[in-house]
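To start, the structure under review is shown below, and the notes come after it.
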Amino acid sequence: MIATEELLWEQVRTRATPEQVSWLEDAVASVLGEPESIGPLFPAVGRRVGRAPLDPAADPADVHAWTVDDAGRTLLLLALGEDAPSELDALYRHGDTAERRGLLRALPFLPVGDTGIPLVEDAVRTNELSLIAAALGPYAFSRLGDDAVAQAVLKCVFVGIPLGGLEGLDGRVTPDVSRMLAAFVHERVAAGRTVPADVWPVIDRYPPEDELAEIAAELDHPVTERREAARAALALRDQQRST
Amino acid sequence: MRIFDPHVHMTSRTTDDYEAMAASGVKAIVEPAFWLGQPRTSVGSFVDYFSSLIGWERFRASQFGIRHHCTIGLNPKEANDLSVRDEVLAVMPRYLEKDGVVAVGEIGFDSMTAAEEEAFVDQLAIAREHELPVLVHTPHRDKEAGTRRTLELLEEADFPPGQAVVDHNNELTVGMVLESGCWAGFSIYPFTKMDEHRMVRILEERGLERMLVNSAADWGISDPLKVSKTVAAMQEAGFSDDDVDRLVWRNPVEFFGQSGRLELEEVEYDRAETFAGSSVLRGERVET
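Protein chains in written order, with the working numbering: chain A, 1 to 243; chain B, 1 to 288.
In structure tokens, the structure reads:
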């Protein structure tokens, strides 16, 4: 916890102006003294501390990249200490997209037990890429059940969130997740559509024979689009294997 | 020509309106929080409305190249509903710190009740705490008395007059508002309140300083193009391009700029984008 806090401060200090840093220091002090004061401070973080990517080398379009305001909001939430569970729900409910994203990203560092799970579930129900990506981190993957994980991974594939950036997913891939993604590939191929390359490493964790055979059979399908889609999808699989 | 409509209730308007406004030169707007024509029965409806003003409506406007800002407040009509008033006032500070919130409003009088006065004074204090200007509604009935009482309360609260716009003025209220040091807003409506030709006469008599013109378009009979129609009437009456720019752009920028939160750069927009999974498009997006 202390390591997280120090690291975040260090990163914010390199990315924000002294004036912005001092606003954040005052805000953290205010929350340490009076936890409820976080209500109006939390939304102001983006304006007061900045919203650029926390890592200057990060691509601003990367849905997995932390921003300066994510770090600032995490520091405010850390200052809540044991009061975090009681403030969490209202902060999320009244939060705009950036506030919700910051809160979801902070979850693994907060002493909130399972109180954040309904918020994770809410975020995954939206179609906002940044919220879904922020919700699906180590906190969610250490708490969600297998079915919920499988559905969440599938949702990521549908909305276009790169699976490689989902921290903590690795230990949660089950044969069912592999099967569902293979079925997704088959469905796409049958529609003559493309698939993202990053489904293959997940499928190949527990290669589902039936679904893979069905995809292979599409290579000989009478409809040209299906044959071509199958070739393209399987070429991506070979590519992933060789890297 | 660039137009900033400083008071327009876009929640009630269609995408056709956004399109026509953009074509008429509108590049920025302020949407004040008000009542919805029908009373709300719980704080939850206010919260969803505020969220829509800071999120969805901003997104919708951006799809037409328009910068959307808003004000957050408990309106005078619903200030009389004691079952929701305190909860709304309690939740407001969270929303006043959101991006795009440029004032507290609409606050003020509707029926001149004690509850309205209390909510008004409370919200003046809240505005000071959040370093925001206020947008003050004046009543449709007994307007002169309501406006006078409004100005008295602003003075009693020691509220900086330059940070208050008193809205919906007419020939009989404009004098006292300008003398108080407050800004004077005018809602140009098809039939009521004020029309563009009367507005031009007022501008000829009073000048352009601390004057704001808006369409106030909402769910009633109203016209979101009234600011550009006022511009046409001004041009016909011989006002210069610089006068026009001052009234419909520089003045609102000066007033709401006091919040420090105006965003006036050109909007880069892509109508295929979504907000919270919703898009202003219908049907499937075109794959690129």
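Ideal Cβ positions, reconstructed from N, Cα and C, are used throughout, including at glycine. Quick caveat, the model's predicted, so the values are computed rather than measured.
Identified DSSP bridge partners for residue 70 of chain B: B:31, B:101
Close Cβ partners of residue 12 of chain B (< 7 Å) along its chain, the five nearest in sequence each way excluded: 218, 219
Segment limits, alpha helix (DSSP H) that includes residue 135 of chain B: Here residue 135 of chain B belongs to no alpha helix (DSSP H); instead the beta strand (DSSP E) covers 134–137.
Run of the beta strand (DSSP E) containing residue 212 of chain B, from where it starts to where it stops: 211–214
CB contact check: residue 314 of chain B to chain A, cutoff 9 Å: Absent from the model: residue 314 of chain B. The displayed extent of chain B is 1 to 288, so no value can be given.
Within-9 Å CB hit, residue 225 of chain A to chain B: no
Proximity to residue 142 of chain A [Cα-Cα], best of A:161, A:33, A:117, A:23: A:117
Minimum C-alpha distance to residue 166 of chain B - residue among B:183, B:176, B:154, B:158: B:183
Bridge partners - residue 5 of chain B, DSSP secondary structure assignment: B:29
Proximity winner among A:25, A:158, A:181, relative to residue 72 of chain A (alpha-carbon distances): A:25
Cβ contact (3+ pairs, closer than 8 Å) linking the stretch 236–243 of chain A and the stretch 21–34 of chain B: no
CA-to-CA distance, residue 12 of chain A to residue 57 of chain A, given in whole angstroms: 14 Å
Proximity of residue 173 of chain A and residue 184 of chain A at Cβ, strictly below 9 Å: no
Residue 14 of chain A to residue 50 of chain A span [Cα, whole Å]: 12 Å
Closest by C-alpha distance to residue 195 of chain A, when choosing among A:210, A:206, A:163, A:170: A:163
Cβ of residue 96 of chain B within 9 Å of any chain A Cβ: yes
Contact residues within the stretch 180–195 of chain A, judged by C-beta distance below 8 Å to chain B: none
Contact with chain B by residue 101 of chain A, beta-carbon distance below 9 Å: no
Burial state of residue 243 of chain A, where buried means 16 or more other Cβ atoms lie within 10 Å: exposed
Residue 184 of chain B, enclosing beta strand (DSSP E) - first and last residue: 183–187
Proximity test, Cβ basis, 9 Å: residue 5 of chain B and chain A: no
Contact with chain A by residue 72 of chain B, beta-carbon distance below 9 Å: no
DSSP state of residue 63 of chain A mapped onto helix, strand, coil: coil
Chain-ordered chain A contacts of residue 93 of chain B [CB-CB under 9 Å]: 39, 40
Opening and closing residue of the alpha helix (DSSP H) in which residue 165 of chain B lies: Looking at the DSSP string, residue 165 of chain B is not in any alpha helix (DSSP H); the run it does join, the beta strand (DSSP E), is 164–166.
CB contact below 9 Å: residue 47 of chain B versus chain A: yes
Within-9 Å CB hit, residue 46 of chain A to chain B: yes
Through-space distance from residue 147 of chain A to residue 140 of chain B, alpha-carbon basis: 58 Å
DSSP three-state assignment for residue 42 of chain B, whether helix, strand or coil: coil
Cβ-based burial, residue 230 of chain B [other Cβ within 10 Å; buried from 16]: buried
Cβ neighbour criterion (16 or more within 10 Å) applied to residue 283 of chain B: Confidence is the limiting factor: at residue 283 of chain B the pLDDT is only 48, short of 50, which leaves the residue's position unreliable and the question unanswerable from this model.
9 Å Cβ cutoff, residue 94 of chain A in contact with chain B: yes
At least three beta-carbon pairs within less than 8 Å, the stretch 237–255 of chain B to the stretch 80–100 of chain B: no
Top-ranked residue by Cα proximity to residue 99 of chain A, from A:170, A:177, A:187, A:44: A:44
Within chain B, partners of residue 56 of chain A - CB distance below 8 Å: Within chain B, no residue comes near residue 56 of chain A; the closest Cβ sits about 22 Å away, beyond 8 Å.
Residues of its chain near residue 16 of chain A, where Cβ-Cβ distance is below 7 Å and the 5 sequence neighbours each way are ignored: 49, 50, 68
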